[in-house]
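Adding 126 to a residue's 1-based position in the sequence shown gives its number in the numbering used here. Even glycine gets a Cβ: it sits at the ideal position worked out from N, Cα and C.
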Amino acid sequence: MRDGTATREPIGVIGTGYVGLVTAAGFAALGSDVFCVDIDEGKIQGLREGRMPIWEPGLAELVAEHRDRLHFATDLAPALEHARLLFVAVGTPPTYSGDADLSAVHAVVDAMPASDAHALVMKSTVPVGTGESIKRVFAQQSKGFAYVSCPEFLKEGSAVKDFLEPDRVVIGDDGDWAGEAVEALYAPLDAPVVRTDIKSAEMVKLASNAFLATKISFINEIANVCEETGADVVEVARGMGLDDRIGPKFLQAGIGYGGSCFPKDVSALKQLAGNSGYHFQLLNAVIEVNELQKRRVIAKLQKHLGSLVGKEIALLGLAFKPNTDDMREASSLVLSARLQAAGAHVRAYDPVAEDEARKLIRGVDLASTAGEAIAGADAVVLVTEWPEFKTLDLAAVAEAMRGTLVVDGRNFLDPAAARAAGLTYEAVGRPAVNAARRSPWASAGATGPTAGSR
Ligand code: UGA
Numbered sequence: 127m128r129d130g131t132a133t134r135e136p137i138g139v140i141g142t143g144y145v146g147l148v149t150a151a152g153f154a155a156l157g158s159d160v161f162c163v164d165i166d167e168g169k170i171q172g173l174r175e176g177r178m179p180i181w182e183p184g185l186a187e188l189v190a191e192h193r194d195r196l197h198f199a200t201d202l203a204p205a206l207e208h209a210r211l212l213f214v215a216v217g218t219p220p221t222y223s224g225d226a227d228l229s230a231v232h233a234v235v236d237a238m239p240a241s242d243a244h245a246l247v248m249k250s251t252v253p254v255g256t257g258e259s260i261k262r263v264f265a266q267q268s269k270g271f272a273y274v275s276c277p278e279f280l281k282e283g284s285a286v287k288d289f290l291e292p293d294r295v296v297i298g299d300d301g302d303w304a305g306e307a308v309e310a311l312y313a314p315l316d317a318p319v320v321r322t323d324i325k326s327a328e329m330v331k332l333a334s335n336a337f338l339a340t341k342i343s344f345i346n347e348i349a350n351v352c353e354e355t356g357a358d359v360v361e362v363a364r365g366m367g368l369d370d371r372i373g374p375k376f377l378q379a380g381i382g383y384g385g386s387c388f389p390k391d392v393s394a395l396k397q398l399a400g401n402s403g404y405h406f407q408l409l410n411a412v413i414e415v416n417e418l419q420k421r422r423v424i425a426k427l428q429k430h431l432g433s434l435v436g437k438e439i440a441l442l443g444l445a446f447k448p449n450t451d452d453m454r455e456a457s458s459l460v461l462s463a464r465l466q467a468a469g470a471h472v473r474a475y476d477p478v479a480e481d482e483a484r485k486l487i488r489g490v491d492l493a494s495t496a497g498e499a500i501a502g503a504d505a506v507v508l509v510t511e512w513p514e515f516k517t518l519d520l521a522a523v524a525e526a527m528r529g530t531l532v533v534d535g536r537n538f539l540d541p542a543a544a545r546a547a548g549l550t551y552e553a554v555g556r557p558a559v560n561a562a563r564r565s566p567w568a569s570a571g572a573t574g575p576t577a578g579s580r
């Protein structure tokens with residue numbers, strides 16, 4: 127990244143969620159004055175007072191550092207007055223049918239005044255064709271606005287880094303001043319820029335998320351076959367990932383993808399294809415595999431514990447992935463509901479998502495430490511690979527539990543250490559390791575008769 131402290135083009139950002147706030151703070155860091163707008167008065171007031179509405183590593187620091195360039199308001203006037211480019215980062219949640227709900231986007235479009243001097247820059251993930259229909263609305267309303275599609279590729283938990291060090295910047299435009307201006311804004315990041323038409327830019331975003339979700343469902347199915355055949359999916363992924371054409375990323379088998387993006391965007395692309403007359407078969411399988419993957423944990427618990435009625439199950443991690451408090455579409459939601467339906471009592475611990483969990487899950491006791499969740503449990507399920515779980519004292523875990531079963535939903539713990547601690551260890555796509563608590567061969571790295579048995 128080149129030094130971004132020089133004064134640069136001011137921008138507006140409409141919507142101060144994950145995408146909006148990171149984009150705003152990122153451009154402020156590159157030297158722009160950023161005029162943020164949100165209809166949520168509480169959020170805007172909090173931001174003015176330095177309170178973050180979300181937990182995202184490095185974001186509070188970045189906002190604080192560039193506080194003088196960040197301006198927060200509930201109305202559009204300051205953004206329209208000071209900026210030509212208005213980035214739109216409002217939510218596009220799924221509807222019941224799986225289509226994207228574009229009502230917040232349309233509200234922004236309708237709120238724009240007539241102007242030849244402004245452009246909307248779409249950051250929100252929208253179906254292919256949305257830009258074209260927005261341009262049609264602008265034309266019907268004689269508003270004269272320019273339009274740019276500039277999809278975001280930020281990952282929660284590393285969004286600030288992803289903004290400052292992007293793999294690529296995609297800009298879909300009509301070849302007018304607005305596309306040039308957006309490209310100039312990103313220039314200090316020295317990232318490859320894909321300048322293309324609006325529809326293709328919209329498709330790059332949906333296709334990228336759908337491809338990554340497909341990669342995850344693929345490795346999860348390989349993991350399931352590994353469980354049937356005795357192969358180890360971690361070794362398989364290592365061997366596959368060294369092939370340049372495949373790459374090592376997004377080949378971690380687990381209990382399914384979650385979050386506010388993959389589930390929504392995969393079904394939005396499937397619906398978009400269907401609405402356009404094409405049956406996207408592969409995505410149906412990607413979605414189904416992901417749903418079943420969450421539920422396989424129940425079968426693993428039943429394999430060892432029999433009926434789950436009255437059993438105490440501890441869940442470690444609730445967020446859809448580490449380094450975020452976001453629980454949208456998290457595997458923990460399905461898992462906790464299925465466990466309770468099967469008659470189990472569930473205790474759970476997450477290092478940061480406790481407040482979100484209180485809003486989203488019912489009937490689960492929320493512990494304030496991992497130890498509290500584990501104490502007296504018949505089984506422990508590792509749901510989210512928070513770094514602090516890596517350093518769990520497994521001997522203490524075994525001591526505190528009533529049973530010995532640990533189901534590692536993210537292949538995060540060391541199987542040999544689990545076995546040495548006397549735990550029965552079940553992972554995803556790896557040979558199960560039975561408890562060796564009373565085995566004379568039980569010591570770290572020892573290969574007694576129970577090692578690697580299934
Ligand atoms: C995802 C994309 O990675 C971003 O590029 C994109 O900008 C973003 O969606 C979006 O559309 O806004 P995010 O949802 O934050 O980002 O999270 P990821 O890190 O991609 O993880 C998604 C899910 O996949 C998590 O539940 C994670 O546990 C799971 N996952 C990921 C796996 O199960 N295995 C893997 O190998 C990788």
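One or two residues paired with residue i in a DSSP bridge
i	result
Thr550	Leu531
Ala474	Leu441, Leu492
Tyr273	Leu246
Ile297	Arg321
Val507	Leu441, Val533
Ala226	Pro220
Val559	Tyr551
Residue i and residue j closer than 9 Å at C-beta
i	j	result
Ala237	Ser250	no
Ile342	Gly382	yes
Ala456	Ala474	no
Pro179	Ala394	no
Arg528	Gly502	yes
Glu282	Gly385	yes
Arg321	Ile297	yes
Lys437	His471	yes
Ala265	Trp303	no
Pro277	Ala327	yes
Leu465	Leu508	no
Leu408	Leu311	no
Pro219	Asn449	no
Gly555	Ala411	no
Glu195	Gly157	Note on residue identity: the sequence assigns Arg, not Glu, to residue 195. Yes; because the gap between Cβ atoms is below 9 Å, this pair is in contact.
Leu520	Ala546	yes
Phe388	Asn335	yes
Interface flag, residue i vs chain B, CB-CB below 9 Å
i	result
Val296	The structure shown contains no chain B; it is built from a single protein chain.
Extent of the continuous alpha helix (DSSP H) run through residue i
i	result
Ala155	144-155
Arg464	457-467
Tyr312	303-312
Cys352	324-355
Asp481	480-486
Leu315	It is not in any alpha helix (DSSP H) - Leu315 carries neither H nor E in the DSSP assignment.
Ala199	Where Ala199 is concerned, there is no enclosing alpha helix (DSSP H), although the beta strand (DSSP E) it sits in stretches over 196-199.
Phe161	Run containing Phe161: none in the alpha helix (DSSP H); it sits in the beta strand (DSSP E), 158-163.
Ile260	256-266
Glu417	407-431
Arg193	Taken as a continuous stretch (DSSP letters only), Arg193 belongs to no alpha helix (DSSP H), as it is neither H nor E.
Ile372	Taken as a continuous stretch (DSSP letters only), Ile372 belongs to no alpha helix (DSSP H), as it is neither H nor E.
Asp288	285-290
Gly400	388-401
Glu361	359-367
Phe515	513-516
Gly168	167-174
Leu206	203-208
Val252	Note, Val252: premise wrong, no alpha helix (DSSP H); not H, not E.
Leu520	520-526
Where the beta strand (DSSP E) containing residue i begins and where it ends
i	result
Glu135	134-140
His232	Run containing His232: none in the beta strand (DSSP E); it sits in the alpha helix (DSSP H), 229-237.
Leu211	211-214
Rounded distance between the beta-carbons of residue j and residue i, thought under 8 Å
i	j	result
Gly143	Gly217	7 Å
Ala339	Val392	5 Å
Leu549	Val523	7 Å
Leu206	His232	With 8 Å as the limit, Leu206 and His232 do not qualify as a contact, their Cβ atoms being about 18 Å apart.
Leu185	Val295	With a Cβ gap of about 20 Å, Leu185 and Val295 do not count as contacting.
Ala209	Phe161	6 Å
Ile324	Asp299	7 Å
Val189	Gly141	Wrong, their Cβ atoms sit about 15 Å apart, outside the cutoff.
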